[in-house]
Each structure stands twice: as structure tokens, then as C-alpha cells.
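**Student:**
Protein chains: 2
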Amino acid sequence: MVVELICVGTELLLGNIVNTNAAYLSEKCALLGLSMYHQSVVGDNAERLKESLETALNRSDVVILSGGLGPTQDDLTKETAAEVMGIPLKEDPHSRERIEEYFKNSQYKVITDNNWKQALVPEGAIVLDNENGTAPGIIMEKNGKSVILLPGPPGELIPMFEGKVYDYLNKLQPEIIYSTMVRICGLGESFVENEIRDLIDNQTNPTIATYAKIGQVDLRVTAKAASEKEAAKLAKPMLKELVKRFGDHIYTMDEHKSLEEVIVHFLKERSLTLTTAESCTGGMIAARITDVPGASEVFKQGLVTYSNRAKRKLLDVKKTTLKEYGAVSEKTAKEMAKNGAFITGSDACVSVTGTAGPTGGTEEKPVGLVYIGCCYNNKTVVKEFHFKGERQKIREQATANALILLRECILADKGQE
Amino acid sequence: MVVELICVGTELLLGNIVNTNAAYLSEKCALLGLSMYHQSVVGDNAERLKESLETALNRSDVVILSGGLGPTQDDLTKETAAEVMGIPLKEDPHSRERIEEYFKNSQYKVITDNNWKQALVPEGAIVLDNENGTAPGIIMEKNGKSVILLPGPPGELIPMFEGKVYDYLNKLQPEIIYSTMVRICGLGESFVENEIRDLIDNQTNPTIATYAKIGQVDLRVTAKAASEKEAAKLAKPMLKELVKRFGDHIYTMDEHKSLEEVIVHFLKERSLTLTTAESCTGGMIAARITDVPGASEVFKQGLVTYSNRAKRKLLDVKKTTLKEYGAVSEKTAKEMAKNGAFITGSDACVSVTGTAGPTGGTEEKPVGLVYIGCCYNNKTVVKEFHFKGERQKIREQATANALILLRECILADKGQE
């Protein structure tokens, strides 16, 4: 089964945005065992989109298009795809109702004429409700080919794909795919790759693929067989081998679980509370923790102490510490973590202080120098990091490593129970 | 002059990496005033690459290929492109020398046979030295068409493009592009589009394009002319018209400026300080503010008060308020903002309290109900919002709207000065 992507949007051709949808959809299609040989990008232009779609339909079984489903005149993916497939558009009462509903609850109360364009659907098509916007997704089938239209914004495309399109594509395939994501934190990409070079070189079924993210490396193990049970059995020895090689660096084997979810779960299990004391990450750790539904059980409050005065006032960091060692120092990070836990009455506190740049670095304390502290169960540890990259990348790395250190502290403590 | 991209690499088709090269090259080509109508991705497969390149050469003047110039057997971009162009390969003594030099200085001292493959160059081609790797870039010209081959790793591609390819492309182009991004906040995409329908319908030069993001809409106005001055002059009436129609909703005309940067700049100008009092956004507003370099001048501290107890303890929200109105209420948001400013001694404080879901919603207070408060210059306003979508999307919308409300309060105050 051959699948092909067409991403629609002049903003992609102008380089206004990076095409993360293509990477996301490619990864998912690979996971489903579909072969992909072509991806393309065209602008908001009916003629060129038509040509691209015709070419794609000639060489592939399934064509996924993303973007161009919005209410504006630019948006013409649906109209063009329906024309290429030779299927007329018709208003879908259900979609019209959903748009009315959406606007009733939206801050923008005015429905303009162009919004109703989004309720038009190719006759006989499968309509995919959009939980995060007004443009429904659409699946058209004809002459053994499928054309799938998805909205461009990743916040709409991803939930729609996970909720509906994945299952649809899975059913087109005779073989069952069994895939497990082994998520590793605290080790670099090339280190991980080196450790599994032999497994990669000899892979057949299951296969193994690496995906590097900030602060973590994901390994996807995929097996194909006639039944799920059989495929799972094929994957098992490889998974066992990975657990043997990476041990506690594996924080989950659940693809949909994030590091922060694992941490919130850990703390919940132990009925412990967490607080954050952030300087250069400026709230990013708290934001990741509170992204977990139900985080309120373990996270009651967080402090962003950006200035020295705030570090003193809110976290009781000693004046002499700031004067003698500076705000970016092991000692400040330690006091922030320790006092943060004490003052807020929390069982754990992670702290971050560093120089994210672009200015403010010195020879002694260059941009990228970050101290991360963690107080857990009355023990406080601090680690020094030298991160590379731009301001936002340094902050993201610091955030990820704060979560990794917190997890390490919880695990280490567990070992001593 | 029409340019087209072909990115070569199976890792792109598998979704192992995000295609940042395409975004980078597209943006540069747009800046150079080159028109781009197509981008494509193919794997390391000679037949499909050949087909793609032939198609591209039929419809474009310049084709830029990235990737597949490495020393391994997989790497066949150069061989395939030379074949399509009908130009034989020949060893280039200069490139051979550079490879020898590179290995002398590298940690990998062993030159294998396949490394010499990289010294082969199409006859008469322009060779672009690679300062960051062994694969030289190549420009082939024939029958008025140019084919440009660049290495895949961004760390090699970007310096090579900036150093050599930019100038080469600039010389091919007689026209200059002048582009301005008009960034609008606080209005929905279809509302904005409706307001400018006449401008869109009648666009020729300049053109106008809309880009929707969370909480904002960007309008790109692009004019082409023989000189930058002339192009700027062409764009001016359109820009004036947009200012007339959207007024204060336009927060910047600087493409590289974010809403948070504009706000930090506003506050700096007025020597004012800001704090944040966040519940459901859990630090996201503070994180956006501190993403601005130099935010420390205006942002000293932020509070994440996730629990009722933290709201009482850190922000002095009245027990009776929480009991009678609940944490998600106008009154709580008001006290959070007002007390937040007072307690921290800040001139401004934005507060957010709401239900981000997925659970915790009631009929009276459904998921998505968010109150955003802003205390500025001793006046406090609160707005009620009903956001749609998943937890993360609700939080992002709340964050964006908190920044928008803060900007509104600053502007309103300015009017009364």
C-alpha cells in the first residue's frame, strides 16, 4: 500500500513555517507499515494543486493532503480535491451545526458567509469532526483510491489523525503492525545509536528506528505479522534487549506518555507534592508539569524568581550567596531548590538558574551555563550543564533536564527505600 | 524566475527528521524575489529522483536539491543530476585535495574508496567548497536552467548557501521583493479576511496573504519592482489601508517581532514592571514573557498559584471569594490580578483562572471557561472567555489572550495620559 503526502500552503513555499505536519504524518505512515515514496508542497493555487493531486493518484493508493481547509478564499483544497475525484460538494447539516456550535462558544461571535463554506462536503465522503477548529476533515474513496483531507494547523491535524485517520489507514492494510516506543532520557542521540548499532545493522522484523528530541531519544520497535499477538511476540526479544541495555534511562514504553506525565504519576503514587523555582526557564517547567491533566494533585504552586530580589524575597536565597557566587551558581541553585521545598511545604522542588543569552554571558559564565537543582526528601543535588544553541533552545534543554534530574532523584530514593 | 526544491533522503519520508532545510531555503528564495511553486521530497532512489528532477526542470528555471551528496552508496544525487543534465562526471583535483586535507584534520583518519566519489564533479560545473564537511556543493548550468546541489546537513547547507548560493541566485534576478508582515491580535481569521475581501479580490502587485496563529492573524504584503525603493512605494498604499482598517489591533509591522516582545518593549519604555498570577496556564505566560531577551528589566517574578491554598497564601485571594464564587470566577481573577500587583510591588499583573480540562468541567463552569484579569495602573479589568479544543490548546489560547488583554490595558491607559 503506497501513500503520498501533499502539503498545501503558500506559507510553506515562503518558508514562514516549518513543515512539521510532513514529519508527523510520515512517521505515522511508517509506523502503519505504509510505503511512502513522495511528499510535495504546493501553494494555495487550484491549478497546481490539481496537477499534483492527479500525479499523486497515478502512482499512490492513498493521498493525504494537509492545509487549505480554512474559511478564506485562499483555502481551496476541498474544492480542488472534489473536482479531481469527480465528486460534487453538498452542504452537510451535521457540519453546519458544528460550526454554529463552535461560534456560539467562541470569543468571535460573528459568523461570516465564508464560514459556511466549511460545511460543504463531497457527496458520500466520510466526515471527520474537528474538535479543535471549524474545518472538518474528509475522506473520499473512489476506484480503489483514498484521498484524505486534513486541516493544516498541527493542533487540529494531530488529534484528528490520532482519533480517526490512524484506524482508517490501519484497516486498509492486511498485515498487523505492532509498535512500541521505548523512550529514553538522559543519554545523547549518538551515544544511543552507537549502543544499538548491531541491532540496527541486523534489523529485519522487528525494525528499529531512532527519533531524537530535546533531552530524549525515542526508539520505535515495529513488528509486522498476521495477528497482533504474533507481531507482539516477534517484538518481544528486541524490547527485552533494549531494557537490558538502557535500564533506568527508559522512562516509559507508552508512546503517548510524556516525561512530565511519568513524573506526576510517580509523585501521585507516593502522595508527594512538587514545586518549581525557576529563573532562566521562566515558568517553562511549571508549564510542562501543569500540562498533565490532574497535575493539581501534586503541584500546588510554582515560583518564577527572575530577579535577584525575587530570589531573596520569595526563596530566601542568601544575599551573601548572590554576592559571592552570583545568581548563576551551584550554590544559588541549591538554595533555590532547598528553600523552595521548605517555604512552600512541598516534598520536592526543582530549581533552575542560568544564562540563556543572547547577551549576559561572560568568559567565566558563558551563555548556556545552567545549574539545575533538585531537593527531594530533604536531600538536594545540583548539576551543572553547558547547553548549546539559541536562547529558546537553551531554555528547552534546561527544562527537559530539570525534569530528568527530578526523575533521577525520585528513582534514587526509591532504591534506598 | 521560478525556483523549485527537491529534498533527497529516505529519513524525511520516514519522518525521522523535520525538513528544516526546505523552510530555510524557501525563506531565502522568497527574500530574493524568486517565485517558488513546488517543493518535493524523494528518497534515496535514482529512478524516482530522476523523474522528479525532470519534472522540476520542465516547469522551473532553477532547481535546488539538498541531500544525497555523501560518500555512501545510498548517496546518488550528484550522479543522477549529472545524468539528467547530460553532463559527464570527472575528478576535480581541487576537491580531491580538500578531501585529503579534511581527513588529515578529522578524528576519522581513514579515507575509504567511497570518499573519493565526492571528488567527482560534472564537467564545467561551479564547485562550492564545503567548509563543514567533505561533500562539495555543485552548480550546473545548461540551456538556461540551473541545477544546484547542496549537502543535506543544515550545518553544511546553511553556510554554503549564505556564502555562495545567495549571491549566485541574486544575480539571476532582475526584480526586488519588498515584503511587510502586518501582525494583528484580538480578531479572528475569518473576520479579518472578511474585512479585506475587496483588497484580496483586487490584488495584483502588491499581493496580500493571511496567516492565522493562536490569538493572532498575520497579513503579508509583498510588492515586486526593479528597486527596493520602488517596491516599497508600491506596497505603501496597501499598508496604509490596513492600518486604517485594523488600527490598534495591529501590534507590529516587524516580521520578527512577537506579541511578547512588543509588550516587554512597551513596559520598558514606560519603566514599568509586570508580574503574572497564573492558575490554569501554569507558567505559560511567564514563559512567553521571559522568552524575550532582556525581559528581566520589566519582569522580576511570576507566581503559579495552582491550588486554592496557593491563591490564598501567595495572592491573598479571600477565602469567602473562593467559597462563594469558586476559583474559576471573575471575582477570583480580579483579586489575583489586583493583589498580585500589590504584593509583588509591580505596576501590572495579568491573572488567569479557568478550567482547561479534560475533566473538572461542570454544566455551570464547562471546560474552556477562563477568566483573564489585568491590573494596570491600579485599574483592574476581567474578561470571560469560552475556549474550544483540548487542554493544551485551551491553555495556549488563554496565554495569548492574557497578553492581548495586557496590551489593550496599556494602550487604553496611554489614551488617557
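As given, the protein sequences belong to chains A and B, one line each in that order. According to my numbering, the first sequence is numbered sequentially starting from -12. According to my numbering, the second sequence is numbered sequentially starting from -12. For every residue, glycine included, the Cβ atom is placed at its ideal position computed from N, Cα and C.
Establish whether the CB of P487/A and some CB of chain B are separated by less than 9 angstroms.
**Tutor:** With chain A represented from -12 up to 404, any question about residue 487/A goes unanswered, as that position is not in the structure.
**Student:** Whole-angstrom Cβ separation of L222/A and A210/A, contact assumed at under 8 angstroms?
**Tutor:** According to the sequence shown, residue 222/A is Ala rather than Leu. That pair is a contact at about 4 angstroms.
**Student:** How would you label I201/A, buried or exposed, when you count the other beta carbons within 10 angstroms and need 16 or more for buried?
**Tutor:** Burial call: exposed.
**Student:** From the beta carbon of Y238/A, is the nearest beta carbon of chain B less than 9 angstroms away?
**Tutor:** With 9 angstroms as the cut-off, Y238/A does not count as an interface residue toward chain B.
**Student:** For D48/A and chain B, any beta-carbon pair shorter than 9 angstroms?
**Tutor:** No, its Cβ sits nowhere closer than 9 angstroms to a Cβ of chain B.
**Student:** Quick one: grab the DSSP three-state call for V134/A.
**Tutor:** Strand.
**Student:** For D100/A, which option in A389/A, I135/A, T59/A has the closest C-alpha, if you only look at C-alpha atoms?
**Tutor:** Answer by Cα proximity: T59/A.
**Student:** At the level of alpha carbons, what is the spacing between M(-12)/B and V49/B?
**Tutor:** Roughly 8 angstroms between the two C-alpha positions.
**Student:** Is the number of C-beta pairs between the segment 140 to 156 of chain A and the segment 169 to 189 of chain A that are closer than 8 angstroms three or more?
**Tutor:** Result no; under three Cβ-Cβ pairs closer than 8 angstroms.
**Student:** Work out the CA separation of V108/B and L76/B for me, nearest whole Å.
**Tutor:** Whole-angstrom Cα-Cα distance: 5 angstroms.
**Student:** Going along the chain, which residues of the segment 282 to 307 of chain B sit with their C-beta nearer than 7 angstroms to a C-beta in chain A?
**Tutor:** So the close ones are S283, F286, K287, Q288, G289, L290, V291, T292, Y293, S294, R296, A297, L301.
**Student:** Give me the Cα-Cα distance between K104/A and G(-4)/B, rounded to the nearest whole angstrom.
**Tutor:** So the two alpha carbons sit approximately 38 angstroms from each other.
**Student:** The segment 337 to 349 of chain A: which residues have C-beta closer than 9 angstroms to a C-beta of chain B, in chain order?
**Tutor:** Flagged, chain order: A343, G344, P345, T346, G347.
**Student:** Which runs of the beta strand (DSSP E), 3 residues or longer, sit entirely within the segment 14 to 86 of chain B?
**Tutor:** If we require 3 residues or more, the beta strand (DSSP E) runs fully inside the segment 14 to 86 of chain B come out as 22 to 29, 49 to 53, 76 to 78.
**Student:** Using the Cα positions of C336/A and V251/B, report the straight-line distance between them to the nearest angstrom.
**Tutor:** So the two alpha carbons sit approximately 29 angstroms from each other.
**Student:** Does the Cβ of E118/B have 16 or more other Cβ atoms within 10 Å, making it buried, or fewer, making it exposed?
**Tutor:** Exposed, because fewer than 16 other Cβ atoms sit within 10 Å of the Cβ of E118/B.
**Student:** For F25/A, which residues from the same chain have a beta carbon less than 8 angstroms from its beta carbon, with the 5 sequence-adjacent residues on both sides left out?
**Tutor:** One point to set straight first is that residue 25/A is His, not Phe, in the sequence displayed. Contacts found: E(-9), L(-8), A43, R46, S47.
**Student:** Which same chain residues end up closer than 7 angstroms to T386/B when comparing Cβ atoms and leaving out the 5 residues on each side of it in sequence?
**Tutor:** Closer than 7 angstroms at Cβ, skipping near neighbours: T268, M271, I272, R275.
**Student:** Under 8 angstroms Cβ-Cβ, which residues of chain B neighbour S27/A?
**Tutor:** Near S27/A (Cβ distances below 8 angstroms), the residues of chain B are H25, Q26, S27, V28.
**Student:** Compute the beta-carbon to beta-carbon distance between S13/B and L0/A, rounded to the nearest angstrom, for a pair I have assumed lies under 8 angstroms.
**Tutor:** Contact flag correct, Cβ pair sits at about 6 angstroms.
**Student:** Go through its chain and collect everything with a Cβ distance to A9/A's Cβ below 7 angstroms, but skip five positions before and after it.
**Tutor:** L(-8), C(-6), Q26.
**Student:** Run the CB neighbour count on I359/B, radius 10 Å, all protein chains shown included, and call it buried at 16 or more, exposed below.
**Tutor:** The residue is buried, with at least 16 neighbouring Cβ atoms inside 10 Å.
**Student:** For the beta strand (DSSP E) that contains A213/A, what are its first and last residues?
**Tutor:** Neither: A213/A is in no beta strand (DSSP E) and is coded neither H nor E.
**Student:** Do E247/A and D278/A have their CB atoms nearer than 9 angstroms?
**Tutor:** It is a contact, given that the beta carbons lie within the stated cut-off.
**Student:** Going along the segment -2 to 25 of chain A in order, which residues come within less than 8 angstroms of chain B, judged by CB to CB distance?
**Tutor:** Within the segment -2 to 25 of chain A, the residues whose Cβ lies closer than 8 angstroms to some Cβ of chain B are E(-2), L(-1), L0, L1, G2, N3, I4, V5, N6, T7, A9, A10, Y11, L12, S13, E14, K15, C16, A17, M23, Y24, H25, listed in chain order.
**Student:** So does the segment 364 to 373 of chain A actually touch the segment 315 to 327 of chain A, counting three or more Cβ pairs closer than 8 angstroms?
**Tutor:** Enough Cβ pairs lie closer than 8 angstroms, so yes.
**Student:** Is the distance from the Cβ of D62/B to the Cβ of G73/B below 9 angstroms?
**Tutor:** Not in contact: D62/B and G73/B (Cβ atoms no closer than 9 angstroms).
**Student:** What residues from chain A crowd round S177/B, counting only those whose CB sits closer than 7 angstroms?
**Tutor:** What S177/B touches in chain A: P58, T59, T99, N101, N102.
**Student:** Assuming contact is defined by CB atoms lying nearer than 9 angstroms, are V249/B and L226/B in contact in what I supplied?
**Tutor:** For V249/B and L226/B, no; Cβs fall outside 9 angstroms.
**Student:** So N92/A contacts chain B; which residues on that side make the cut at Cβ distance below 9 angstroms?
**Tutor:** Neighbours of N92/A on chain B, chain order: P353, G355, H373, F374, K375.
**Student:** Rounded to whole angstroms, how far is the Cβ of I126/B from the Cβ of L115/B, which I believe are closer than 8 angstroms?
**Tutor:** Contact holds; Cβ gap of about 7 angstroms.
**Student:** Could you check which residue in Y165/A, S166/A, I135/A has the C-alpha nearest to that of K151/A?
**Tutor:** Nearest option by C-alpha distance: I135/A.
**Student:** I'd like to know whether the C-beta atoms of R296/A and K287/B end up nearer to each other than 9 angstroms.
**Tutor:** Result yes, Cβ atoms of R296/A and K287/B sit closer than 9 angstroms.
**Student:** Only counting the same chain, and skipping five residues up and downstream in sequence, which positions put a Cβ closer than 7 angstroms to that of E110/B?
**Tutor:** If we look at E110/B and ignore the five residues flanking it on each side, its Cβ neighbours are I74, P75, K77.
**Student:** Using a Cβ cut-off of 9 angstroms (strictly closer), state whether G142/A contacts chain B.
**Tutor:** Output row for G142/A: interface = yes.
**Student:** Do we get a CB-CB distance below 9 angstroms when we pair C267/B with the residues of chain A?
**Tutor:** True, the Cβ-Cβ gap to chain A drops below 9 angstroms.
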